[in-house]
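*Asks:* For the sequence shown, the numbering used here gives the first residue as 89, with consecutive numbering after it. Every residue gets a Cβ at the ideal spot worked out from N, C-alpha and C, and that includes glycine.
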Amino acid sequence: MADIYIGLMSGTSADSIDCATLDLSSKDIKVLDCRNFKIPKDLRKDVIQSSQIEKIEKKLVDNLNYRMAEVLVEAVKQTIDELNIEAEDIKAIGSHGQTIKHEPMLEKPYTLQIGDPQKISNDLKIRTVGNFRHDDIKAGGEGAPITPVFHKRVFGEDKKKKVIVNIGGITNITALDHPEIIGFDTGPGNCLMDCWSRENNVGDYDDKGSWASSGIVNQPLLETMMKDDYFLRKYPKSTGPDYFNHKWIKDNISKLANKISPEDVQATLLQITVLSLIESIDLLNLSEETIYLCGGGVHNEFLFNQIAKQSKAKIKTTLDLGINPDYVEAICFAWLAKQRLENINFNLNKITGSKGEVYLGRIYEPSR
Ligand SMILES: Nc1ncnc2c1ncn2[C@@H]1O[C@H](COP(=O)(O)OP(=O)(O)O)[C@@H](O)[C@H]1O
Ligand SMILES: [Mg+2]
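Printed below as a string of structure tokens:
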């Protein structure tokens, strides 16, 4: 029987749940299936709202933890039903959970992903690995990004220098510069554009970036935004939409005297994503390399074209490396679940800043 692992990912965009089913019985990473599930509207609204609240009550966290786990359980049920797999054939689920808080810089740093892994494990009777970031934070790290270790495994075997950039809610970069890997969050990906689109009733996101392309970048706003401490900080660094959010946009706009049209703001927010990424590529001396993009940002045509136009690097997607750009992260968490079961630990010092070897994920056995 194959060693089947399922990876579940819902990124900071809270747009949907990505589910990847892998056969990891051999050394190869065999992707059997990838599919996507909607997050119910009311839950999505509560998730987005809670990520903007400064202090979340435990009661709300418990409620979200339960509801998100129910949705994740349903996603797995549907998947294994359609693929005709029995629950007992699945070695483990790797469930990232939905991040609602990521505060690695506090005196007492923490990160919070909802979607209770114990409930997933109990309801499905499938061992579940979750809370992937906790031990890294405990070891003094940022807890993010952790996908670079997977990028190295899946994209780095040929030992050729290359760069992987995931444009989700946040943008993270992995520089595969053998034997070293560097990875950090460069800044916002889609999160600011999504937020501004919602605020202006354009939709949950700016389809293909067409609204942004109808505006003109406002230079004073761009300069003000690019002065943000986050962009000036050196890696290791990580961030989330609890930082780059509605308040961040409003605070920056309020620093300027002139009124700026909503579409010009959108064009400027897109440019922030482009510029913070390109500056990071330059900082790492990678502008001569090929950049492979993944994450939902690849569907924003205007964003993609602007990155290609403004960067000296060659821009492709991970499809050119054989992996569907929409599912790199879900595939990663299935693979990480296997690493965890096999007690493989990682040194993420260069990436998250943590000290020593850390386990990524905690194992939740189904209760009897
Ligand atoms: N057709 C599209 N046009 C513009 N943006 C898109 C499109 N499709 C997806 N996106 C963007 O991708 C985001 C989801 O990307 P994803 O990689 O799933 O992010 P996360 O990991 O944060 O969930 C959406 O919120 C949206 O901003
Ligand atoms: Mg997503």
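Below 8 Å, how does it come out for the region 242-253 and the region 219-231: are there three or more Cβ pairs, yes or no?
*Replies:* They do not touch, by the three-pair rule.
*Asks:* Which residues have their C-beta within less than 5 Å of a heavy atom of ligand 2, listed in chain order?
*Replies:* My final list is Gly99, Ser101 and Asp103.
*Asks:* Using only the alpha-carbon positions, how far apart do His239 and Asp265 sit?
*Replies:* Roughly 12 Å separates the two Cα atoms.
*Asks:* Roughly how many angstroms lie between the CA atoms of Phe392 and Ser455, to the nearest whole one?
*Replies:* Each residue's Cα considered, the two are about 46 Å apart.
*Asks:* Is Met281 near ligand 1 - that is, is its Cβ less than 7 Å away from at least one heavy atom of it?
*Replies:* Checking every heavy atom of ligand 1 against the Cβ of Met281, one is found closer than 7 Å.
*Asks:* Contact defined as beta carbons within less than 8 Å: I believe Ala163 pairs with Cys107. What is the distance between those atoms, to the nearest angstrom?
*Replies:* 5 Å between Cβ atoms; contact.
*Asks:* Please identify the residue among Ala180, Gly203 and Asp414 whose C-alpha is closest to the C-alpha of Ile127.
*Replies:* It is Gly203.
*Asks:* Does DSSP put Asp295 in a helix, a strand or coil?
*Replies:* Looking at Asp295 - three-state DSSP - the assignment turns out to be helix.
*Asks:* Going by DSSP, which residues form a beta bridge with Asn124?
*Replies:* Asn124 is bridged to Asp106.
*Asks:* Go ahead and pull the three-state DSSP assignment for Ala157.
*Replies:* Helix, per DSSP.
*Asks:* Quick one: grab the DSSP three-state call for Met193.
*Replies:* Met193: coil per DSSP, three-state reduction.
*Asks:* Which of helix, strand or coil does DSSP assign to Ser364?
*Replies:* It is helical.
*Asks:* Using the three-state DSSP reduction, which class does Asp305 fall into: helix, strand or coil?
*Replies:* The question names Asp, but residue 305 in the sequence shown is Val. Of the three classes helix, strand and coil, the one that applies to Val305 here is coil, per DSSP.
*Asks:* Considering Arg450, what are the terminal residues of the beta strand (DSSP E) in which it resides?
*Replies:* Segment Arg450 to Tyr452, the beta strand (DSSP E) holding Arg450.
*Asks:* Residues in its own chain within less than 7 Å of Thr109 by CB, not counting five upstream and five downstream?
*Replies:* The answer, listed in chain order, is Ile92, Ile94, Leu120, Asp121, Thr167 and Leu171.
*Asks:* Within 10 angstroms of the Cβ of Gly291, are there 16 or more other Cβ atoms? Answer buried if so, exposed if not.
*Replies:* With fewer than 16 Cβ atoms within 10 Å of its Cβ, Gly291 is classed as exposed.
*Asks:* In terms of residues, what are the limits of the beta strand (DSSP E) holding Leu344?
*Replies:* Segment: none, Leu344 is in no beta strand (DSSP E) and carries neither H nor E.
*Asks:* Whole angstroms are fine: how far does the CA of Ile451 sit from the CA of Ile178?
*Replies:* Taking the straight line from one Cα to the other gives about 14 Å.
*Asks:* According to the Cβ coordinates, are Cys279 and Pro329 closer than 8 Å?
*Replies:* Taking 8 Å as the Cβ cut-off, Cys279 and Pro329 qualify as a contacting pair.
*Asks:* For Ala422, I'd like the list of residues in its chain whose CB is within less than 7 Å of its CB, leaving aside the five on either flank, ordered along the chain.
*Replies:* Excluding residues within five positions, the ones whose Cβ falls inside 7 Å are Tyr93, Ile94, Gly95, Ala108, Leu110 and Gly182.
*Asks:* Any chance you could list the alpha helix (DSSP H) runs of at least 4 consecutive residues sitting entirely within the region 156-244, in chain order?
*Replies:* If we require 4 residues or more, the alpha helix (DSSP H) runs fully inside the region 156-244 come out as 205-212, 222-226 and 236-243.
*Asks:* Throw me the rounded Cβ distance for the Gln137 and Met156 pair, which I believe falls under 8 Å.
*Replies:* That pair is no contact at about 14 Å.
*Asks:* Tell me whether Glu351, by its Cβ, gets closer than 7 Å to a heavy atom of ligand 1.
*Replies:* Flag unset: Cβ of Glu351 not near ligand 1.
*Asks:* Are the region 377-396 and the region 194-210 touching, with three or more C-beta to C-beta distances below 8 Å?
*Replies:* These segments do not touch.
*Asks:* Please state if the CB of Phe220 and the CB of Ser301 are separated by a distance shorter than 8 Å.
*Replies:* No, they are not a contact pair.
*Asks:* If you draw a straight line from the alpha carbon of Lys343 to that of Leu310, how long is it in whole angstroms?
*Replies:* Straight-line Cα distance between these residues: approximately 12 Å.
*Asks:* Kindly indicate which three-state DSSP category Gly99 falls into: helix, strand or coil?
*Replies:* Coil.
*Asks:* Nearer than 7 Å: is that true of the beta carbon of Glu287 relative to any heavy atom of ligand 1?
*Replies:* It does not: the Cβ of Glu287 is nowhere closer than 7 Å to a heavy atom of ligand 1.
*Asks:* Please classify Tyr154: is it buried, with 16 or more other beta-carbons within 10 angstroms of its beta-carbon, or exposed?
*Replies:* It is exposed - the Cβ of Tyr154 has fewer than 16 other Cβ atoms within 10 Å.
*Asks:* Please say whether Lys325 and Glu195 have beta carbons closer to each other than 8 Å?
*Replies:* Going by C-beta atoms, Glu195 is not nearer than 8 Å to Lys325.
*Asks:* Is Gly275 helix, strand or coil when you go by DSSP?
*Replies:* Three-state result, Gly275: strand.
*Asks:* Determine the direct distance from the alpha carbon of Asn254 to that of Asp414, and round the result to whole angstroms.
*Replies:* When rounded, the distance between both Cα atoms is 9 Å.
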